[in-house]
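The sequence shown begins at 5 in our numbering and counts up one residue at a time.
Each residue gets a CB set at the ideal place from its N, CA and C atoms; glycine is no exception.
Worksheet: the structure to be examined is printed underneath.
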Amino acid sequence: MEPSRQENSATTLTLGQRVERLRQIQNVTRSGLATRIGRSEDWLTAVEEDRQDVTMFENLALAVNLKVTPRGMREGDTEEVKQLLGSIERDNALEGTARIRALHSRNEHTGTCEECSKRDYPDYAVPYPCPTIEALDG
Ligand SMILES: [Zn+2]
C-alpha cells in the first residue's frame, strides 16, 4: 500500500501524460483511440505531448473512451482517476503474483516446487511450498 505515491502519480501528470498513461494501461493503441474519437493519430500524439489544446468536446470524447469522468480527464485529481490508476496498479501486481504462483507450482509426484527444484543438479529438491510461495502468502 503506497497511497501517497499513487496520489502523486495521478495528480502530477499533465493532461497529455494522463491520456497516454490511461490509454496504455487499458491496452488501447494510439491509432485505435484516435479513430474512436474521430481524430488523427498525429492529433493524439500532439495531445499526449501537450502540444495540442483540447476542446471541451474532445476532452469529453477522451474521457468516455478512457473510462473516466470529463473532470477526471481534465484535472486528474478526482478520486475516480486516482482509484483507477491505483486499481490498475493493484491488478498488475496481482497478475504478477499469479504468474509467480503458476511458475512455482507443486509437482504432483514429488511434492516439490517445480521452479525451485529444476536448477543446479538433477536431484535438487525444494519442498512445496517453497520460500517464494511462503513469501507471497506472508
Ligand atoms: Zn519455488
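- Under the criterion of beta carbons closer than 8 Å, residue 78 and residue 19 qualify as touching, at roughly 7 Å.
- Proximity of the stretch 45-61 to the stretch 81-91 falls short of the contact definition, fewer than three beta-carbon pairs being nearer than 8 Å.
- For residue 56, there is no enclosing alpha helix (DSSP H), as DSSP marks it with neither H nor E.
- Under the three-state reduction of DSSP output, residue 110 falls in the strand class.
- Just measuring C-alpha positions, the residue of 128, 129, 26 sitting nearest residue 73 is 26.
- Distance between residue 110 and residue 142, taken at the CA atoms: about 18 Å.
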